[in-house]
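**Student:** Quick one: structure below, then a few questions.
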Amino acid sequence: MNFHFIAIGGSAMHNLAIALHLKGERVTGSDDEIFSPSKERLESHGLLPTKIGWNPDYINSEIDNIILGMHARIDNPELVKAKELKIPIFSYPEFIYQQTKDQLRVVIGGSHGKTSITSMILHVLTKNNIKHNYMVGAQLEGFDCMVKLSDDSKIAIIEGDEYLSSPIDRRPKFHLYQPNIAVISGIAWDHINVFPTFENYIDQFNI
Numbered sequence: 020m021n022f023h024f025i026a027i028g029g030s031a032m033h034n035l036a037i038a039l040h041l042k043g044e045r046v047t048g049s050d051d052e053i054f055s056p057s058k059e060r061l062e063s064h065g066l067l068p069t070k071i072g073w074n075p076d077y078i079n080s081e082i083d084n085i086i087l088g089m090h091a092r093i094d095n096p097e098l099v100k101a102k103e104l105k106i107p108i109f110s111y112p113e114f115i116y117q118q119t120k121d122q123l124r125v126v127i128g129g130s131h132g133k134t135s136i137t138s139m140i141l142h143v144l145t146k147n148n149i150k151h152n153y154m155v156g157a158q159l160e161g162f163d164c165m166v167k168l169s170d171d172s173k174i175a176i177i178e179g180d181e182y183l184s185s186p187i188d189r190r191p192k193f194h195l196y197q198p199n200i201a202v203i204s205g206i207a208w209d210h211i212n213v214f215p216t217f218e219n220y221i222d223q224f225n226i
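Heads up, the sequence shown is in the numbering used here, so the first residue is 20 and it goes up one at a time.
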């Protein structure tokens with residue numbers, strides 16, 4: 020399949036792009052800024068955009084799916100073109116769910132400690148030779164790519180968070196994963212630019 024990533028430079032976005040590329044999918048992407056280490060990691064896999072910026076000419080009927088990053092705006096010209104062509108558009112949480120919907124999904128949420136808890140679970144599964152897929156929000160030592168989407172795993176370990184899913188989907192990311200098992204580390208008011216009160220922030224954890 021052909022995938023195009025709008026805002027490919029994001030932490031989770033570039034890892035998902037690399038994971039699909041390693042599965043043999045055709046992946047392209049764009050962004051108006053890409054920083055290290057995303058830039059070098061995309062480049063090492065031949066996925067770094069040749070030009071920085073948005074271009075609606077990148078969007079055509081040969082693309083099967085658009086993966087939309089939070090960094091893009093709702094008036095992004097590539098997003099507008101994709102809507103005109105009726106190409107399916109996914110936020111990365113939506114897409115991760117689609118890829119793992121037949122697996123046992125363990126989603127780790129909370130204001131702090133998500134990556135640490137996720138890495139502990141991954142360590143236990145790896146030590147016991149249990150096949151698993153995963154999505155981690157930060158780079159872990161010993162991992163080349165922080166997203167794995169194999170077809171033969173029955174378990175998916177997903178680091179979730181309460182931030183918005185995409186410019187066109189204001190739901191918290193971890194709602195979209197529809198966890199079978201939810202792990203919450205603790206709740207402390209965060210992202211005050213999006214959630215103006217502590218009560219509003221707590222509401223995001225009501226699934």
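A virtual CB, placed ideally from N, CA and C, is assigned to each residue, including glycine.
Taking the C-alpha atoms as reference points, what is the distance between residue 206 and residue 186?
**Tutor:** Their Cα atoms are separated by approximately 24 Å.
**Student:** Can you list the beta strand (DSSP E) stretches of 3 or more residues lying completely in the region 53-90, in chain order?
**Tutor:** The region 53-90 contains these whole beta strand (DSSP E) runs: 84-87.
**Student:** With three or more C-beta pairs closer than 8 Å as the rule, is the region 177-192 touching the region 110-121?
**Tutor:** The answer is yes - the region 177-192 touches the region 110-121, with three or more Cβ pairs under 8 Å.
**Student:** Below 7 Å between beta carbons: does that hold for residue 53 and residue 128?
**Tutor:** No, the Cβ-Cβ distance between residue 53 and residue 128 is not below 7 Å.
**Student:** May I ask you to report which of helix, strand or coil DSSP gives residue 133?
**Tutor:** Note: residue 133 maps to helix in three-state DSSP.
**Student:** In chain order, what residues of the same chain lie with their CB nearer than 6 Å to the CB of residue 47, ignoring the 5 residues before and after it?
**Tutor:** Hits under 6 Å: 23.
**Student:** Taking Cβ positions only, does residue 105 come closer than 7 Å to chain B?
**Tutor:** Among the chains in the structure shown there is no chain B, since it carries only a single protein chain.
**Student:** Under DSSP, the beta strand (DSSP E) around residue 188 begins and ends at which residues?
**Tutor:** Its beta strand (DSSP E) spans residues 188-191.
**Student:** Taking the alpha carbon of residue 159 as the point to measure from, which residue in 133, 222, 101 and 220 has its own alpha carbon closest?
**Tutor:** Closest option to residue 159, Cα to Cα, is 133.
**Student:** Let me know if residue 178 comes out buried or exposed under the rule of 16 or more other beta-carbons within 10 Å of its beta-carbon.
**Tutor:** Residue 178 is buried by the Cβ-count criterion.
**Student:** Within the same chain, show all residues whose beta-carbon is closer than 7 Å to that of residue 289, passing over the 5 residues directly before and after it, in chain order.
**Tutor:** Summary: the structure shown does not reach residue 289, with the chain confined to residues 20 through 226, and so no result is reported for it.
**Student:** Could you check what DSSP says for residue 210 in three-state terms: helix, strand or coil?
**Tutor:** Correct three-state label for residue 210: coil.
**Student:** Since residue 70 and residue 123 are thought to touch, with beta carbons under 8 Å apart, how far apart are those beta carbons, to the nearest angstrom?
**Tutor:** With a Cβ gap of about 41 Å, residue 70 and residue 123 do not count as contacting.
**Student:** State the Cα-Cα distance for the pair residue 32 and residue 65, rounded to the nearest angstrom.
**Tutor:** Roughly 15 Å between the two C-alpha positions.
**Student:** Tell me which residue opens and which closes the beta strand (DSSP E) that residue 153 is part of.
**Tutor:** That run of the beta strand (DSSP E) goes 152-154.
**Student:** Spell out the partners DSSP gives residue 114 in its beta bridges.
**Tutor:** Answer is none; residue 114 lacks a bridge partner.
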